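Notes for the one structure printed next.
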Amino acid sequence: MSRRADAVKKVMIVGSSGGIGMALVRYCLEIGCQVAALTRSPSPALAALQQAVPNRLAIVECDLLDHQPQVEARLSLLFARYGYPDWIINAAGFLHAGTTSHSDLHKGLKDGLNKGASVAHIKSEPPNLPNQSKIPTASTQPLIAQCQMPEKRLSEITPAFLEHNLRANLYLSIALAQCCENLLPRSTPFRFASLSAMVGSIADNHSGGWYSYRISKAALNMFLKTLSLEWQRQFPNACVAAIHPGTTDTQLSVPFQSRITASKLYSSDISARRIVSVIESMTPEQSGRFYHWDGSVLSW
Ligand SMILES: NC(=O)c1ccc[n+]([C@@H]2O[C@H](COP(=O)([O-])OP(=O)(O)OC[C@H]3O[C@@H](n4cnc5c(N)ncnc54)[C@H](OP(=O)(O)O)[C@@H]3O)[C@@H](O)[C@H]2O)c1
Numbered sequence: 000m001s002r003r004a005d006a007v008k009k010v011m012i013v014g015s016s017g018g019i020g021m022a023l024v025r026y027c028l029e030i031g032c033q034v035a036a037l038t039r040s041p042s043p044a045l046a047a048l049q050q051a052v053p054n055r056l057a058i059v060e061c062d063l064l065d066h067q068p069q070v071e072a073r074l075s076l077l078f079a080r081y082g083y084p085d086w087i088i089n090a091a092g093f094l095h096a097g098t099t100s101h102s103d104l105h106k107g108l109k110d111g112l113n114k115g116a117s118v119a120h121i122k123s124e125p126p127n128l129p130n131q132s133k134i135p136t137a138s139t140q141p142l143i144a145q146c147q148m149p150e151k152r153l154s155e156i157t158p159a160f161l162e163h164n165l166r167a168n169l170y171l172s173i174a175l176a177q178c179c180e181n182l183l184p185r186s187t188p189f190r191f192a193s194l195s196a197m198v199g200s201i202a203d204n205h206s207g208g209w210y211s212y213r214i215s216k217a218a219l220n221m222f223l224k225t226l227s228l229e230w231q232r233q234f235p236n237a238c239v240a241a242i243h244p245g246t247t248d249t250q251l252s253v254p255f256q257s258r259i260t261a262s263k264l265y266s267s268d269i270s271a272r273r274i275v276s277v278i279e280s281m282t283p284e285q286s287g288r289f290y291h292w293d294g295s296v297l298s299w
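Residue numbers (numbering that gives the first Met the number 0): 0 to 299.
The structure is reproduced here in structure tokens:
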């Protein structure tokens, strides 16, 4: 049931089998939205939710870094069926490969080590299609070590781990924006938000470390700011933002939670509500900002 009569929004969420992504799907359904959940492979919880609300939740199995025309074809079908999204939220990201239960380790890294692509990737790839992706594909990505954690010092940086961070934290948002640019009409009043992180703020970097994650989130921030300027002309009714969700209890933060006081570690449900609240408040005039989960504007 919707909170307000005028609040039935169409929402597209990327990374929807992740901790925050799944909570966003749940919360958006709770407030009455029509949701398209993009995931490389649906988690059992996401699949169960789809069974419960088949009319308001569509699951789209795809990896945005796969063959782009094919991804666009799927999204085009989605938009033809449900209409253009009001909110586009990228909740995908990567920090570490530190536990065997981490979803990326399970789906991406394991597949990479097997030198194959995900089941969804294989299913959706037509045979003999030339690969025209602008971005390295799952099968060409460099392999990272199992259990690889964020770097503490310069000597620990490797091209493979940096590339893995860039793919998940930067390239995915670029690919998503390219799909939107190719598919959405100029006048569409959409909001495009990617989950960034405070550690991607150059101004806020007082402790160092986590090179690849910081670099990839800082690059994401620069991408979103630059995109907001281009889209001011191209999509005058759109708003682009980076959002810091706060430290949230998900697989991504598990190895670092002992350093966090309990009151500063938020549940994914709380973070989802806060993210939606920030997105609800966004206007085209505010495009190109980096938001804290409380709605305040962060320094780049
Ligand atoms: N948790 C925190 O404390 C925290 C703090 C600050 C910022 N953030 C940011 O918030 C976002 C969500 O984090 P989370 O805590 O929900 O993480 P999570 O539980 O690990 O979920 C991340 C999801 O990102 C997608 N993903 C990861 N690597 C990918 C790749 N190489 N290609 C495509 N998709 C990939 C996957 O979604 P699918 O399985 O659906 O494909 C994965 O489930 C991230 O951008 C993260 O950096 C989180």
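Beta carbons: idealized from backbone N, C-alpha and C, even for Gly. As the structure is a prediction and not an experimental result, all values here were calculated from the model.
Rounded C-alpha distance that separates residue i from residue j
{"i": "residue 32", "j": "residue 152", "result": "44 angstroms"}
{"i": "residue 81", "j": "residue 37", "result": "14 angstroms"}
{"i": "residue 48", "j": "residue 29", "result": "11 angstroms"}
{"i": "residue 91", "j": "residue 283", "result": "24 angstroms"}
{"i": "residue 209", "j": "residue 149", "result": "5 angstroms"}
{"i": "residue 273", "j": "residue 288", "result": "16 angstroms"}
{"i": "residue 241", "j": "residue 225", "result": "12 angstroms"}
{"i": "residue 260", "j": "residue 223", "result": "31 angstroms"}
{"i": "residue 15", "j": "residue 180", "result": "21 angstroms"}
{"i": "residue 78", "j": "residue 154", "result": "46 angstroms"}
{"i": "residue 290", "j": "residue 192", "result": "10 angstroms"}
{"i": "residue 256", "j": "residue 40", "result": "26 angstroms"}
{"i": "residue 198", "j": "residue 186", "result": "34 angstroms"}
{"i": "residue 295", "j": "residue 50", "result": "37 angstroms"}
{"i": "residue 285", "j": "residue 258", "result": "34 angstroms"}
{"i": "residue 68", "j": "residue 220", "result": "26 angstroms"}
{"i": "residue 93", "j": "residue 147", "result": "11 angstroms"}
{"i": "residue 178", "j": "residue 43", "result": "27 angstroms"}
{"i": "residue 45", "j": "residue 61", "result": "14 angstroms"}
{"i": "residue 34", "j": "residue 269", "result": "19 angstroms"}
{"i": "residue 173", "j": "residue 207", "result": "26 angstroms"}
Residue i: CB within 7 angstroms of a non-hydrogen atom of ligand 1
{"i": "residue 18", "result": "yes"}
{"i": "residue 260", "result": "no"}
{"i": "residue 301", "result": "Residue 301 lies beyond the range of the chain shown here (0 to 299); nothing can be said about it."}
{"i": "residue 92", "result": "yes"}
{"i": "residue 196", "result": "yes"}
{"i": "residue 66", "result": "no"}
{"i": "residue 293", "result": "no"}
{"i": "residue 226", "result": "no"}
{"i": "residue 62", "result": "yes"}
{"i": "residue 273", "result": "no"}
{"i": "residue 39", "result": "yes"}
{"i": "residue 95", "result": "no"}
{"i": "residue 285", "result": "no"}
{"i": "residue 252", "result": "yes"}
{"i": "residue 43", "result": "no"}
{"i": "residue 282", "result": "no"}
{"i": "residue 157", "result": "no"}
{"i": "residue 149", "result": "no"}
{"i": "residue 74", "result": "no"}
{"i": "residue 297", "result": "no"}
{"i": "residue 175", "result": "no"}
Residue environment, residue i, which counts as buried when at least 16 other CB atoms sit within 10 Å
{"i": "residue 233", "result": "exposed"}
{"i": "residue 244", "result": "buried"}
{"i": "residue 87", "result": "buried"}
{"i": "residue 168", "result": "buried"}
{"i": "residue 116", "result": "Low confidence applies to residue 116: its pLDDT is 28, below 50, so where it sits in the model is not reliable, and the reading given next is rough at best. Burial call: buried."}
{"i": "residue 292", "result": "buried"}
{"i": "residue 75", "result": "exposed"}
{"i": "residue 196", "result": "buried"}
{"i": "residue 205", "result": "exposed"}
{"i": "residue 54", "result": "exposed"}
{"i": "residue 59", "result": "buried"}
{"i": "residue 277", "result": "buried"}
8 angstroms Cβ cutoff met for residue i and residue j
{"i": "residue 249", "j": "residue 17", "result": "yes"}
{"i": "residue 27", "j": "residue 239", "result": "no"}
{"i": "residue 7", "j": "residue 84", "result": "no"}
{"i": "residue 254", "j": "residue 66", "result": "no"}
{"i": "residue 217", "j": "residue 19", "result": "no"}
{"i": "residue 343", "j": "residue 237", "result": "The requested residue 343 is not part of the displayed model; the chain covers only 0 to 299."}
{"i": "residue 182", "j": "residue 71", "result": "yes"}
{"i": "residue 22", "j": "residue 267", "result": "yes"}
{"i": "residue 211", "j": "residue 156", "result": "yes"}
{"i": "residue 228", "j": "residue 89", "result": "no"}
Cβ separation of residue i and residue j, assumed to be a contact under 8 angstroms, to the nearest whole Å
{"i": "residue 263", "j": "residue 247", "result": "Not really, about 10 angstroms apart at Cβ, beyond 8 angstroms."}
{"i": "residue 161", "j": "residue 214", "result": "7 angstroms"}
{"i": "residue 13", "j": "residue 63", "result": "7 angstroms"}
{"i": "residue 298", "j": "residue 203", "result": "7 angstroms"}
{"i": "residue 159", "j": "residue 142", "result": "6 angstroms"}
Residue i: CB within 7 angstroms of a non-hydrogen atom of ligand 3
{"i": "residue 15", "result": "With respect to ligand 3, the structure offers nothing, as its ligand set consists of ligand 1."}
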